[in-house]
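What follows is a single structure, written as structure tokens, with notes after it.
2 protein chains.
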Amino acid sequence: MIERLAIIGVGLIGGSLARALRAAGAVGEIVGCGRSLGNLERALELGVVDRITQNPAEAVREADMVFLAVPLGAMRGALAAMRDSLRPEAIVTDGGSVKCSVVEDARAVFGRVPPRLVPGHPIAGTEHSGVEASFAELYRDRRVILTPLAETDPEAVARVTAMWQTCGAEVTAMSVAHHDEVLAATSHLPHMLAFGLVDSLARMRENDEIFRYAAGGFRDFTRIASSNPVMWRDICLANREALSAMLARFGVEMTDLAESIRRSDGEHLLEIFARAKAARDRYVDQARPVHEDADRSSSQT
Amino acid sequence: MIERLAIIGVGLIGGSLARALRAAGAVGEIVGCGRSLGNLERALELGVVDRITQNPAEAVREADMVFLAVPLGAMRGALAAMRDSLRPEAIVTDGGSVKCSVVEDARAVFGRVPPRLVPGHPIAGTEHSGVEASFAELYRDRRVILTPLAETDPEAVARVTAMWQTCGAEVTAMSVAHHDEVLAATSHLPHMLAFGLVDSLARMRENDEIFRYAAGGFRDFTRIASSNPVMWRDICLANREALSAMLARFGVEMTDLAESIRRSDGEHLLEIFARAKAARDRYVDQARPVHEDADRSSSQT
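Respectively, the protein sequence lines represent chains S and Z.
Just so it is clear: in the first sequence, position 36 is 36 by my numbering, and no numbers are missing.
One rule links them: number in my numbering = place in the second sequence (from 1) + 1000.
Spelled out as structure tokens, the structure:
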């Protein structure tokens, strides 16, 4: 049971945690904190939070659990703003998509990573943002990755784990570096490809016509290019090393593919496509949760 | 009104054309031809075709309209097999995803491109294949691109246009070269990226774990990597030039993006992402038909 939860950044991620814990009766008071007063007032109207403030120091003053759901670029400022008001027993966790930068921010602000800071990342979200988009089921059957350090207090890890399990999530732990590599591969790289593809087409002279003939497969493929540009700039800067490595690996793959096309090496192309299809089909079979839409929608040629 | 339609390749594309024309009462007899006897017999059971044969020459003998819906790699063989049995007034059209190779195949087989051959491409499909997957509405509100040559008989173009309009499609005409460029950009390149991404992840040591943490955005993004490898090998070989040019263009884009990440140029990254998001959002708004799912589904970070 959390007595007083402070949520810094009451958007889709923070708002959905509040709704889920409330629905489970696992929290007492919820204090919402953020920069947009309009969004905070809406959160209050919707009953997502009980009290609002734009001052992080005030938000955390009596909290036993603090959840940071601000963009990666705002993490350090938020930690600095709350530093001197945190109760010693307060547990702080976050929802940042990159963990090395959050750990670095904590070191910069506290001089070390506080034992009761538990870096975390719920692998969930939608394209929509703001408290309006939040819902209690967002984390059900989703994975949450925690990346505790050697100095992290195990009891704090246990409480954060319990909090996410209450929301229906499956919690796993891994190292900060490994988390950032896995996310670079499965999320950050795909977003770069979608942004890069749409941008390169948008810059072609006949781009309006190009998009006119794009079909359903293109719509699915480029959906993630509609994500928040500022959030993604922050992710790129925060996960620079792991993402650069994945981009280089992908570059080698695409050079091989392009070379095979240039020299009409059908056998090698078939090998690449068959291996990819097998891996993708296996992934969809294994994927939890299995969405009914797992193989809906179309892929036009 | 088509008196006798011969469909060479009774799969998703050929079967759906048969169903649509039948539903519209716009066709007399439909003869189905293909290599898989099992699929042909199923087509007969389902009432998609009235008569079946594995011999293209026999299939087209009395046809006034012939639709070629075989993989690009099988086009030349199919044209050669029917060449001497076509009635002089018969119109031949196809559904190939690349038009330059079909025109080249026709030249090779007939010594010139027959005036009553109308190269075409319905921009529609699903991941599923075979006659079982065919349905009468596949082409409704979809685009069909025809690429007639200077020597193509306008009356033949008019009849093929009418055939597709009967299926509910919007028919437009463009040059062979332009079609192949537009499709390289909107369909062939995205498929290369999806295949390349999934393959490069599948080849990582910890690939099972990688895929385990992949979320919904990844599922959407890589859906097209589940497409038929043989069909895609053929498309790559058939559209080698235009696709190679698009791959090169995309390579330049990704090099710029990777460089910006390496040097932490947040301003340039933001510019790229914002331009891509604007183009993608504009595209979804304009997209016809607007699917209810146009911005459903999630994009995890």
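For each residue, glycine too, the CB sits at the ideal point set by N, CA and C.
Partners in chain S for Val1284 of chain Z, counting only beta-carbon separations shorter than 8 Å = Arg219, Ser226
Would Phe1110 of chain Z count as contacting chain S if we go by Cβ distances under 9 Å?
no
- Query: For Thr1093 of chain Z, which residues does DSSP report across the bridge?
  - Reply: Z:Phe1067, Z:Val1118
* Cβ-Cβ distance between Cys1167 of chain Z and Ala1024 of chain Z below 9 Å -> yes
Margin query: With H, G and I counted as helix, E and B as strand and the rest as coil, what does DSSP make of Arg275 of chain S?
Written below: helix
Please decide whether Ser1264 of chain Z counts as near chain S, where near means a Cβ-Cβ distance under 9 Å.
yes
In terms of residue numbering, what span does the beta strand (DSSP E) encompassing Ala173 of chain S cover?
-> 170 to 173
request  = Could you tell me which chain S residues have their CB closer than 8 Å to the CB of Pro1190 of chain Z, listed as they occur along the chain?
outcome  = Leu197, Gly217, Phe218, Phe221, Thr222
- Query: Which residues of chain Z have a Cβ atom closer than 7 Å to the Cβ of Arg275 of chain S, listed in chain order?
  - Reply: Asp1199, Ala1202
- Item | the segment 1232 to 1244 of chain Z: positions lying closer than 7 Å to chain S by Cβ | Trp1232, Arg1233, Ile1235, Cys1236, Leu1237, Arg1240, Leu1243, Ser1244
In chain Z, which residues lie less than 9 Å from Gly372 of chain S when you measure between Cβ atoms?
Any answer about residue 372 of chain S is impossible in this case: the structure gives chain S only from 1 up to 301.
Kindly identify the DSSP beta-bridge partner or partners of Ala1024 of chain Z.
The partner list for Ala1024 of chain Z (beta bridge, DSSP) is empty, contrary to what the question assumes.
Gly15 of chain S versus Glu58 of chain S: straight-line alpha-carbon distance, rounded = 19 Å
- Item | Nonlocal neighbours in the same chain, by C-beta distance under 7 Å from Ala43 of chain S, ignoring five residues either side | Val10, Gly15, Gly32, Val49, Ile52, Val131
task: Please classify Leu1046 of chain Z: does DSSP put it in a helix, a strand, or coil?
output: coil
Can you tell me where the beta strand (DSSP E) holding Glu1003 of chain Z begins and where it ends? 1002 to 1008
Can you pull the DSSP bridge partners for Val1160 of chain Z?
-> Paired residues: none, contrary to the question.
Checklist entry - Under a CB-based cut-off of 9 Å, is Ser1299 of chain Z close to chain S? => result Note that Ser1299 of chain Z scores 38 on pLDDT, short of 50, meaning its location in the model is unreliable; the coordinates nonetheless yield the value given after this. Yes, Ser1299 of chain Z lies at the interface with chain S (some Cβ there is under 9 Å from its Cβ).
Proximal residues to Ala136 of chain S (C-beta, below 6 Å), its chain only, five neighbours per side dropped = Arg19, Ala20, Ala23
Positions along the segment 1134 to 1159 of chain Z whose CB lies within less than 7 Å of some CB in chain S:
Arg1143
List the residues that DSSP assigns as beta-bridge partners of Thr1053 of chain Z. Z:Cys1033
Review point. So, does the CB of Phe250 of chain S fall closer than 9 Å to a CB anywhere in chain Z?
Key: yes
>> Give me, in chain order, the residues of the same chain whose beta-carbon lies closer than 7 Å to that of Ala1106 of chain Z; leave out the 5 immediate sequence neighbours on both sides.
In response: Leu1079, Val1113, Pro1114, Leu1117
Closest by CA to Thr1255 of chain Z, which one among S:Met204, S:Leu5, S:Ser200?
S:Ser200
- prompt: Relative to the C-alpha of Glu104 of chain S, which residue among S:Arg223, S:Val284, S:Gly77 is closest?
  reply: S:Gly77
Q. Of all Cβ atoms in chain Z, is any one closer than 9 Å to the Cβ of Glu292 of chain S?
A. A caution first: Glu292 of chain S carries a pLDDT of 35, below 50, which makes its placement in the model unreliable, though a value can still be read off. For Glu292 of chain S, the answer is no, since every Cβ of chain Z falls outside 9 Å of its Cβ.
- Answer yes if the segment 143 to 151 of chain S comes into contact with the segment 119 to 127 of chain S, meaning at least three C-beta pairs across the two stretches below 8 Å, and no otherwise. yes
- request: Have a look at Ala294 of chain S and Ser1129 of chain Z and give me their C-alpha separation to the nearest angstrom.
  value: At Ala294 of chain S the pLDDT is 33, less than 50, meaning the model places this residue with poor confidence; the figure from the coordinates comes in the next sentence. Straight-line Cα distance between these residues: approximately 17 Å.
Q. By the criterion of Cβ-Cβ separation under 7 Å, what are the contact partners of Arg1280 of chain Z in chain S?
A. Val198, Thr222, Ala225, Ser226
Closer than 9 Å to chain S by CB, Ser1302 of chain Z = As displayed, chain Z neither begins before 1001 nor continues past 1301, which places residue 1302 of chain Z out of reach and without an answer.
Check your understanding: With respect to the alpha helix (DSSP H) encompassing Arg143 of chain S, which residues constitute its N-terminal and C-terminal limits?
Key -> Looking at the DSSP string, Arg143 of chain S is not in any alpha helix (DSSP H); the run it does join, the beta strand (DSSP E), is 143 to 146.
Looking at Ala184 of chain S and Leu243 of chain S, is the spacing between their C-beta atoms short of 9 Å? yes
CA-CA distance, Arg296 of chain S and Val198 of chain S? Low local confidence applies: a pLDDT of 32 at Arg296 of chain S is under 50, so the model's placement there is unreliable, and no value is given.
Using 8 Å as the cut-off, can you tell me whether the segment 252 to 270 of chain S makes contact with the segment 1225 to 1243 of chain Z, which would need three or more C-beta pairs spanning the two stretches below that distance? yes
Where does Ser1210 of chain Z sit, in a helix, a strand or coil, going by DSSP?
Note that residue 1210 of chain Z is Ile in the sequence shown, not Ser. Of the three classes helix, strand and coil, the one that applies to Ile1210 of chain Z here is helix, per DSSP.
Review point. So Val66 of chain S and Val92 of chain S are in contact, right, with Cβ under 8 Å, and what is the actual spacing, rounded?
Key: 4 Å
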